[in-house]
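S.K.: Protein sequence lines correspond, in order, to chains A and B. Position 247 (the first sequence) corresponds to 248 in this note's numbering; numbering is contiguous. Position 223 (the second sequence) corresponds to 227 in this note's numbering; numbering is contiguous.
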Amino acid sequence: MAGTPVQVTGTVLTTRRVDAYHALTVVAPGVAERFRPGHFVSVAVGGPRTSMVTRRALSIHDVKPDYGGTVELVFTATGPGTSWLAERRARDTLDLVGPLGRPFPLPRDPASCVLVGAEYGAAALFPLADALLERGCRIDFALGAASADRVFGAMRARRMAETTTLTTEDGSLGLRGSVTDVLPAVIADTHADAIYACGPMETLRAVTAVAIEFDIPVQVAVEEAMACGIGVCMTCVLPVIGDDGVTRMVRACAEGPVFRGERVRFEDVGTIPFDALGAPGGGVRNVG
Amino acid sequence: MSVDMRTFLAHVELANPVTTASGCAGSGRELAQFFDLHRLGALVTRSITMAPRAGRPTPRMAETPSGMLNAVGLQGPGIDAFLERELPWLAQRGIRTVVSIGGGTVAEYSALARRLTDAPGVTAIEVNLACPNIEDRGRVFARDGGAAAEVIASVRSVMRYDVPVVAKLSPDVADVVAVARACVDAGADALSMINNPLGMSIDVDALRPTLAAGTGGLSGPAILPLAVRCVWQVHAALPGVPIVGVGGVMSGHDALQLILAGACVVGVGTALFHDPYACLRIERELEELLQARGFHRLADAVGLAHRPTSRHLLVDSEESSL
């Protein structure tokens with residue numbers, strides 16, 4: 002059954018450093034066979050007697066059929082939970098729930114797609130690139146980060162894509178600047194039909210602005226802090242415009258993490274827009 | 005021999021004592037991806053409000069030592085959408101459903117109760133008294149026995165008598181027993197304790213409160229002792245009133261503490277964020293613990309810690325600090 006999440010106790014197969022990031026390969030059969038590009042997993046951190054009660058949502062970088070199905074998770078150690086994860090070694094076990102979220106929609110016919118990744122958000126683009134290539138799509142990568150060691154997957158992108166454009170803020174790799182600075186040129190050169198983007202909210206906002214300018218569809222995978230990842234805690238919401246034109250506070254985990262870029266109200270992330278459904282003092286009220 | 009896990013929430017029989025806690029089970033569909041919801045004692049919905057609510061801005065969540073803060077702000081679709089989409093889905097499947105309601109005025113609570121009176125599939129009503137009373141400068145109903153009693157009386161008066169009314173109490177009060185007594189006197193058939201106590205966390209990098217709303221409700225293992233204390237005090241004062249013990253239950257061991265303190269039903273909240281199967285695991289662990297202690301019926305353990313015991317027994321079970 003595709004999409005239905007499962008909870009599994011996975012065994013860590015390998016751990017490695019990828020530039021500034023950590024990568025864990027975990028044997029997780031139920032998760033691997035249900036996976037589609039864009040899905041994520043949530044991982045319990047700290048062990049069985051931990052004081053850390055919330056799970057950590059991690060994007061899936063790679064899925065392989067080996068050992069009944071493995072998933073590779075890429076993350077950066079920013080707090081006690083991810084630092085604990087970074088200390089895992091081969092044969093340790095991990096409690097995983099997945100695959101979670103809504104995956105990337107894929108074009109029906111072969112199309113030219115630009116894949117934009119900032120920092121380790123780029124990790125989620127590689128299984129997407131595989132799926133697009135299988136469908137006969139042309140893919141082009143634009144990857145960026147603050148510095149050379151934070152650009153994720155440059156080598157692999159070069160092997161897979163027609164072109165790969167790299168940017169760093171400090172100019173230590175590729176072009177100096179942000180990934181969105183080069184995006185208009187990449188779109189023009191590749192005659193792109195669609196854009197897929199992963200990374201921080203600010204990057205997604207800028208990518209969406211470029212896509213709107215070129216009038217091509219853009220799918221973005223948002224990063225929001227989540228406590229559960231399965232849609233029950235209601236903490237990972239952001240304002241998104243629905244098919245009916247009404248803005249709702251939707252969950253990044255259950256309704257996302259992939260959204261059509263132009264539907265996400267990036268300027269209003271972190272607020273409740275006055276015209277959102279159920280916004281205080283305004284919006285579409287339904288007072289009985 | 006297995007333990008008889010049946011319990012009563014007022015006069016309604018539940019197959020087992022483990023329910024979800026309000027606001028921690030989504031609409032039911034999310035957990036149904038993992039297991040059959042019939043295996044729950046009951047599903048408690050998020051607090052349903054009259055109008056749709058967008059809730060609070062993000063960040064809404066912060067992890068704290070052995071717990072988490074949340075400031076979701078009762079986000080939900082409103083009673084119309086709930087009656088149209090969410091409740092029928094649960095009712096058609098025959099899932100025991102406790103509907104939590106929240107409002108800003110007494111009239112809003114009674115209007116909500118009226119809308120639910122004839123709705124099929126409502127096992128009980130839980131009245132979330134931790135909502136700000138907009139008629140009283142935003143002071144929450146649960147802070148004041150009089151205001152809480154007024155809400156309970158208004159809900160009780162319009163609700164069918166075969167549907168129990170459960171008052172959900174907050175621990176952020178000087179005297180939880182006084183509020184509990186006021187609610188029972190006003191017609192509450194059962195009490196649920198505890199709602200999240202208020203807490204706060206500061207982001208020391210941003211030099212700002214971590215939550216957009218500033219303060220938030222504290223949940224998780226950090227509040228279990230607070231819940232046990234409230235259940236204990238209220239059961240001691242009102243031994244005949246059924247109590248739903250909620251707050252920081254992560255294991256069967258935690259659930260048993262609440263039961264021994266006087267709860268006959270146990271709500272599981274934050275544990276569901278960590279483990280979607282938490283309710284089933286806790287129920288199984290609870291049954292094993294009861295069995296290991298020679299209980300044949302869960303009901304025999306309810307409030308048992310209040311039983312006077314000899315000094316000799318107490319000394320035996322205590323670890324010496326000397």
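Just so you know, even glycine gets a beta-carbon here, dropped at the ideal spot from N, CA and C. Computed from a predicted model, the values in this text were never measured in an experiment.
Short of 6 Å in beta carbon distance, which residues of its chain neighbour V28 (chain A), apart from the five on each side in sequence? Order them along the chain.
M.R.: As a working note, residue 28 (chain A) is residue 27 in the first sequence. Excluding residues within five positions, the ones whose Cβ falls inside 6 Å are G11, T12, L14, Y68 and T71.
S.K.: Whose C-alpha, out of B:T313, B:V180, B:L94 and B:P201, is nearest the C-alpha of L73 (chain B)?
M.R.: Locating residue 73 (chain B) in the second sequence gives position 69, counting from the first residue. It is B:P201.
S.K.: Counting C-beta neighbours from all protein chains within 10 Å, is the total for R301 (chain B) 16 or more, i.e. buried, or is it exposed?
M.R.: Here residue 301 (chain B) refers to the residue found at position 297 of the second sequence. Label assigned to R301 (chain B): exposed.
S.K.: Please identify, using Cβ separations under 8 Å, the residues of the segment 35-63 of chain A that lie next to chain B, in order along the chain.
M.R.: So the close ones are A45, S52, M53, V54, T55 and R56.
S.K.: Can you tell me whether M161 (chain A) is helix, strand or coil according to DSSP?
M.R.: Here residue 161 (chain A) refers to the residue found at position 160 when the first sequence is read from its first residue. Residue state, collapsed to three classes: helix.
S.K.: Which two residues bound the contiguous beta strand (DSSP E) that contains D58 (chain A)?
M.R.: Taking the first residue of the first sequence as position 1, residue 58 (chain A) is located at position 57. The displayed chain sequence assigns Ala, not Asp, to residue 58 (chain A). Per DSSP, A58 (chain A) belongs to the beta strand (DSSP E) from R57 to K65.
S.K.: Just confirm the distance between the C-beta atoms of F94 (chain B) and L47 (chain B), as a whole number of angstroms; I'd bet it's less than 8 Å.
M.R.: The residue you call residue 94 (chain B) lines up with position 90 of the second sequence. The residue you call residue 47 (chain B) lines up with position 43 of the second sequence. In the sequence on display, residue 94 (chain B) carries Leu and not Phe. That pair is a contact at about 7 Å.
S.K.: Would the beta-carbon of R60 (chain B) fall within 7 Å of that of G80 (chain B)?
M.R.: Locating residue 60 (chain B) in the second sequence gives position 56, where the first residue counts as 1. Locating residue 80 (chain B) in the second sequence gives position 76, where the first residue counts as 1. The answer is no: Cβ separation not under 7 Å.
S.K.: Could you tell me whether the Cβ of P201 (chain A) comes closer than 7 Å to any Cβ of chain B?
M.R.: Here residue 201 (chain A) refers to the residue found at position 200 when the first sequence is read from its first residue. Not an interface residue.
S.K.: Is the segment 10-18 of chain B close to the segment 137-157 of chain A, with three or more CB pairs under 8 Å?
M.R.: As far as the Cβ criterion goes, the segment 10-18 of chain B does not touch the segment 137-157 of chain A, which means the pair count is below three.
S.K.: Report buried or exposed for F76 (chain A), applying the criterion of at least 16 other Cβ atoms within 10 angstroms of its Cβ.
M.R.: Here residue 76 (chain A) refers to the residue found at position 75 of the first sequence. By the 10 Å Cβ count, F76 (chain A) comes out buried.
S.K.: Taking the beta carbon of V177 (chain B) as the centre, do at least 16 other beta carbons fall within 10 Å, making it buried, or is it exposed?
M.R.: Counted from its first residue, the second sequence places residue 177 (chain B) at position 173. Classification for V177 (chain B): buried.
S.K.: Measure the C-alpha to C-alpha separation of F127 (chain A) and S223 (chain B) and round it to an integer number of angstroms.
M.R.: In the first sequence, residue 127 (chain A) corresponds to position 126, counting from 1. In the second sequence, residue 223 (chain B) corresponds to position 219, counting from 1. Going by the C-alpha atoms only, they are around 38 Å apart.
S.K.: For S6 (chain B), does the count of other Cβ atoms within 10 angstroms reach 16, so buried, or fall short, so exposed?
M.R.: On the second sequence, residue 6 (chain B) is found 2 positions in, with the first residue counted as 1. Looking at its Cβ environment, which holds fewer than 16 other Cβ atoms inside 10 Å, S6 (chain B) is exposed.
S.K.: Compute the Euclidean distance between the alpha carbons of A55 (chain B) and M202 (chain A), then round it to the nearest angstrom.
M.R.: Position 51 of the second sequence, counted from the start, is the residue given in the question as residue 55 (chain B). Position 201 of the first sequence, counted from the start, is the residue given in the question as residue 202 (chain A). Those two C-alpha atoms are separated by around 30 Å.
S.K.: Take the Cβ of F275 (chain A) as the centre, count every other Cβ of all protein chains shown within 10 Å, and call the residue buried at 16 or more, exposed below.
M.R.: Numbered from its first residue, the first sequence carries residue 275 (chain A) at position 274. With fewer than 16 other Cβ atoms within 10 Å, it is exposed.
S.K.: Residues of the segment 223-245 of chain A in Cβ contact with chain B at a cutoff of 9 Å, in chain order, please.
M.R.: Cβ contacts with chain B: E225, A226, M227, A228, C229, G230, I231, G232, V233, C234, M235, T236, C237, V238, L239 and P240.
S.K.: Roughly how many angstroms separate the alpha carbons of M2 (chain A) and R35 (chain A), rounded to a whole number?
M.R.: Counting from 1 along the first sequence, the entry for residue 2 (chain A) is found at position 1. Counting from 1 along the first sequence, the entry for residue 35 (chain A) is found at position 34. Summary for M2 (chain A): the model assigns pLDDT 43, below 50, so the residue's position carries little reliability, and this model does not support an answer.
S.K.: Which word fits H42 (chain B), buried or exposed, when buried means at least 16 other C-beta atoms lie within 10 angstroms of its C-beta?
M.R.: One-based indexing of the second sequence puts residue 42 (chain B) at position 38. Result: exposed.
S.K.: How many whole angstroms separate the CB atoms of V272 (chain B) and C283 (chain B), which I take to be in contact at a CB cut-off of 8 Å?
M.R.: As a position in the second sequence, residue 272 (chain B) is number 268, starting the count at 1. As a position in the second sequence, residue 283 (chain B) is number 279, starting the count at 1. Indeed, because the Cβ distance is near 5 Å, the residues count as touching under 8 Å.
S.K.: Could you tell me which whole beta strand (DSSP E) segments of length 3 or greater appear in the segment 150-215 of chain B?
M.R.: You should have 169-173, 194-197 and 202-204.
S.K.: In whole angstroms, what is the alpha-carbon distance linking V265 (chain A) and A58 (chain B)?
M.R.: Taking the first sequence and counting its residues from 1, one reaches residue 265 (chain A) at position 264. Taking the second sequence and counting its residues from 1, one reaches residue 58 (chain B) at position 54. Answer to the nearest angstrom: the Cα atoms are 16 Å apart.
S.K.: So, for V7 (chain A): in the same chain, excluding its five sequence neighbours on each side, which residues have a beta-carbon less than 6 Å away from its beta-carbon?
M.R.: Within the first sequence, residue 7 (chain A) is the residue found at index 6, counting from 1. Contacts found: G31.
S.K.: Rounded to whole angstroms, what is the Cα-Cα separation between S114 (chain B) and V162 (chain B)?
M.R.: Here residue 114 (chain B) refers to the residue found at position 110 when the second sequence is read from its first residue. Here residue 162 (chain B) refers to the residue found at position 158 when the second sequence is read from its first residue. Distance between the alpha carbons of S114 (chain B) and V162 (chain B) is about 7 Å.
S.K.: Tell me which residues share the same chain as T227 (chain A) and place their Cβ nearer than 6 Å to its Cβ, disregarding the 5 neighbours each side in the sequence.
M.R.: Taking the first residue of the first sequence as position 1, residue 227 (chain A) is located at position 226. The question names Thr, but residue 227 (chain A) in the sequence shown is Met. Result list for M227 (chain A): A58, C237 and C254, in chain order.
S.K.: Which word fits V247 (chain A), buried or exposed, when buried means at least 16 other C-beta atoms lie within 10 angstroms of its C-beta?
M.R.: Counting from 1 along the first sequence, the entry for residue 247 (chain A) is found at position 246. V247 (chain A) should be labelled exposed.
S.K.: What first and last residue would you give for the beta strand (DSSP E) that runs through C199 (chain A)?
M.R.: Within the first sequence, residue 199 (chain A) is the residue found at index 198, counting from 1. Here the beta strand (DSSP E) through C199 (chain A) covers A195 to C199.
S.K.: If you measure from the beta carbon of D269 (chain A) to each beta carbon in chain B, is any gap under 7 Å?
M.R.: Here residue 269 (chain A) corresponds to residue number 268 of the first sequence, with the count starting at 1. Judged by the 7 Å Cβ criterion, D269 (chain A) is not in contact with chain B.
S.K.: Output, in chain order, the set of chain A residues within a Cβ distance shorter than 7 Å of M72 (chain B).
M.R.: If you number the second sequence from 1, residue 72 (chain B) lands on position 68. By Cβ distance, chain A contributes V54, T55 and A228.
S.K.: Measure the alpha-carbon distance for G279 (chain A) versus V251 (chain A) and round it to whole angstroms.
M.R.: In the first sequence, counting from the first residue as 1, residue 279 (chain A) sits at position 278. In the first sequence, counting from the first residue as 1, residue 251 (chain A) sits at position 250. Using only the alpha carbons, I get a separation of about 12 Å.
S.K.: Is there at least one Cβ from chain B nearer than 7 Å to S179 (chain A)'s Cβ?
M.R.: Here residue 179 (chain A) refers to the residue found at position 178 of the first sequence. False, the Cβ-Cβ gap to chain B never drops below 7 Å.
S.K.: Tell me which same chain residues have a C-beta within less than 8 Å of the C-beta of C114 (chain A), skipping the five on either side of it?
M.R.: Position 113 of the first sequence, counted from the start, is the residue given in the question as residue 114 (chain A). Taken in chain order, the residues that qualify are P108, L133, C138, R139, I140, D141, A193, D194, A195, I196 and Y197.
S.K.: Report the rounded CA-to-CA distance for G230 (chain A) versus T191 (chain A), giving the unit in angstroms.
M.R.: Position 229 of the first sequence, counted from the first residue, corresponds to residue 230 (chain A). Position 190 of the first sequence, counted from the first residue, corresponds to residue 191 (chain A). When rounded, the distance between both Cα atoms is 36 Å.
S.K.: Since I believe V110 (chain B) is in contact with S158 (chain B) (beta carbons under 8 Å), could you give me their beta-carbon distance rounded to a whole number of angstroms?
M.R.: Within the second sequence, residue 158 (chain B) is the residue found at index 154, counting from 1. Within the second sequence, residue 110 (chain B) is the residue found at index 106, counting from 1. Indeed, because the Cβ distance is near 5 Å, the residues count as touching under 8 Å.
S.K.: Please report the Cβ distance between I227 (chain B) and A192 (chain B), rounded to the nearest whole angstrom; I am assuming they are in contact, meaning their Cβ atoms lie under 8 Å.
M.R.: Locating residue 227 (chain B) in the second sequence gives position 223, where the first residue counts as 1. Locating residue 192 (chain B) in the second sequence gives position 188, where the first residue counts as 1. Contact flag wrong, Cβ pair sits at about 22 Å.
S.K.: Is S196 (chain B) near V250 (chain B), with beta carbons less than 7 Å apart?
M.R.: Residue mapping note: residue 196 (chain B) aligns to position 192 of the second sequence, counting from 1. Residue mapping note: residue 250 (chain B) aligns to position 246 of the second sequence, counting from 1. Yes, the Cβ-Cβ distance between S196 (chain B) and V250 (chain B) is below 7 Å.
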